[in-house]
Amino acid sequence: MWSPHHGALALLLCVAGGCFVDYPPELSGPGGSAGGESTAAATTEAESHASDDGFEGCPSTDPPGIWYLDADGDDWGVEPGQVACDEPPGTSPARGDCDDDDPERFPGALEVCDGEDDDCDEIIDEFSPANDSCLGCSLSERDGAPHWFCKVDAIDWVGARAACVARGWTVELLSIHDEASYTWARKQAEALFDVADPIATFWIGLRRADPHWTGCEADVEQWQWSDGSPVDFAAWTMGQPDAANCDPMCSPQHALDDSCPRENCGHMLYTEGGWNDRACYAKGVGYACRAAAPP
Ligand SMILES: [Ca+2]
Ligand SMILES: [Ca+2]
Ligand SMILES: [Ca+2]
Ligand SMILES: [Ca+2]
Numbered sequence: 457m458w459s460p461h462h463g464a465l466a467l468l469l470c471v472a473g474g475c476f477v478d479y480p481p482e483l484s485g486p487g488g489s490a491g492g493e494s495t496a497a498a499t500t501e502a503e504s505h506a507s508d509d510g511f512e513g514c515p516s517t518d519p520p521g522i523w524y525l526d527a528d529g530d531d532w533g534v535e536p537g538q539v540a541c542d543e544p545p546g547t548s549p550a551r552g553d554c555d556d557d558d559p560e561r562f563p564g565a566l567e568v569c570d571g572e573d574d575d576c577d578e579i580i581d582e583f584s585p586a587n588d589s590c591l592g593c594s595l596s597e598r599d600g601a602p603h604w605f606c607k608v609d610a611i612d613w614v615g616a617r618a619a620c621v622a623r624g625w626t627v628e629l630l631s632i633h634d635e636a637s638y639t640w641a642r643k644q645a646e647a648l649f650d651v652a653d654p655i656a657t658f659w660i661g662l663r664r665a666d667p668h669w670t671g672c673e674a675d676v677e678q679w680q681w682s683d684g685s686p687v688d689f690a691a692w693t694m695g696q697p698d699a700a701n702c703d704p705m706c707s708p709q710h711a712l713d714d715s716c717p718r719e720n721c722g723h724m725l726y727t728e729g730g731w732n733d734r735a736c737y738a739k740g741v742g743y744a745c746r747a748a749a750p751p
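Next up, the structure:
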């Protein structure tokens with residue numbers, strides 16, 4: 457909790473160009489325990505210095521600002537902030553730089569295919585006007601959500617999911633919840649895969665719900681999406697899911713064991729278009745990911 461005594465923790469520093477108050481990190485940022493309350497308190501503290509001690513270069517009518525260290529000079533700084541009347545050298549009023557050693561990476565920068573998050577949105581190599589393909593993936597955006605449709609030599613469902621998650625904590629295998637999204641996903645696949653190739657299939661986020669993995673029933677109610685959303689729209693190919701090759705003696709732990717061919721994962725068949733249940737260890741030639749749309 458904030459108390460007036462915390463003000464004693466602030467350091468009054470004087471350097472060329474003026475004085476500023478430097479607050480400990482836990483008191484200066486909105487993410488700290490004291491939150492915005494501490495910022496308000498810091499401002500009050502600085503104002504009192506300004507009026508009592510005659511802050512050099514600080515008009516008494518203007519409150520001091522909060523400035524963030526900007527080491528790479530891209531006009532985006534990093535926590536913690538410091539309170540000063542005038543902008544200290546090497547600082548910025550904006551915070552949120554995800555790499556303060558790289559002037560090419562900052563919020564709003566153009567994302568490019570380089571294995572890094574250039575625009576600081578915690579997603580790596582997503583679609584941008586400068587980035588519509590990357591390492592075998594076609595990149596796109598739908599309703600503000602970045603999508604990846606990727607063509608690979610061979611990948612199982614778990615590998616495909618790992619490839620999605622590696623791009624950011626909001627990224628998952630694609631889930632599809634309405635006809636328009638399904639049609640759109642097929643069009644993206646058409647542009648990437650060879651229409652004539654009968655094995656041109658790609659993994660999506662369909663999987664059987666864990667508690668049901670010991671059963672061999674082909675019940676559509678047992679399916680869910682890897683992002684946790686329910687299967688509230690269905691585009692199963694006729695006769696699917698069929699739980700083919702199921703051995704009731706196989707345990708859930710063996711879902712990825714090729715000695716236990718249980719069709720617990722879902723993919724999209726390009727030539728037929730719809731969904732099919734398939735053994736999770738089977739090799740697909742592609743996969744689709746989606747990141748959550750920004751709030
Ligand atoms: Ca910076
Ligand atoms: Ca930077
Ligand atoms: Ca990014
Ligand atoms: Ca990048």
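Start counting the sequence shown at 457; every next residue gets the next number (this note's numbering).
Even glycine gets a Cβ: it sits at the ideal position worked out from N, Cα and C.
Look at D573: its beta carbon is less than 7 Å from one of the heavy atoms in ligand 4. P559 has its CB nearer than 7 Å to a heavy atom of ligand 2. Assigned with DSSP and collapsed to three states, V687 falls in coil, not helix or strand. The stretch 601-617 makes contact with the stretch 628-645; the number of CB pairs closer than 8 Å reaches 3 or more.
Residue burial annotation: H723 is buried, with at least 16 other C-beta atoms found within 10 angstroms of its C-beta. For Y524, the enclosing beta strand (DSSP E) has its first and last residue at 521-525. Cβ-Cβ distances below 7 Å link T657 to H723, M724, L725, Y726, G740, V741 in the same chain, with the five nearest sequence neighbours on each side left out; the list follows chain order.
With a cut-off of 7 Å, the C-beta of W532 is classified as near ligand 1, since at least one heavy atom of the ligand falls inside that distance.
The stretch 554-565 makes no contact with the stretch 694-703, as fewer than three CB pairs between them are under 8 Å. By the Cβ-count criterion, D556 is buried, with 16 or more other Cβ atoms from all chains shown falling within 10 Å of its own Cβ. E597: member of the beta strand (DSSP E) spanning 593-598, first to last residue.
If the five residues before and after D688 are omitted, its C-beta is found closer than 8 Å to the C-beta atoms of H633, all from its own chain and listed in chain order.
By the beta-carbon neighbour count (other beta carbons within 10 angstroms, threshold 16), E673 is exposed. Distances from the alpha-carbon of D609 to those of I580, G624, W659 put W659 closest.
Residue state for K607 is assigned as strand, using DSSP reduced to three classes. Short of 8 Å from the beta carbon of A749, and not among the five residues preceding or following it, lie these beta carbons of its own chain, in chain order: D599, G600, A601.
By the criterion of a C-beta distance shorter than 7 Å, E597 is surrounded in its chain by F583, H603, once the five residues flanking it on both sides are discounted.
If you look at A616, you'll find it in the alpha helix (DSSP H) that goes 613-621. Beta-bridge partners assigned by DSSP to E628: R746. Annotated as distal: C554 and P520, with beta-carbon spacing of 8 Å or more. Nearest C-alpha to P544 among D558, D526, R561, E560: D526. Residue pairing by DSSP places H723 opposite W659, N732 in a beta bridge.
Spatial neighbours of D518 in its own chain (CB-CB distance under 6 Å, excluding positions within 5 residues in sequence) are not present. Taking the Cβ of A565 as the reference point, every heavy atom of ligand 1 lies at 7 Å or farther away.
Per DSSP, A540 is not a residue of any alpha helix (DSSP H); the beta strand (DSSP E) it occupies stretches across 534-540.
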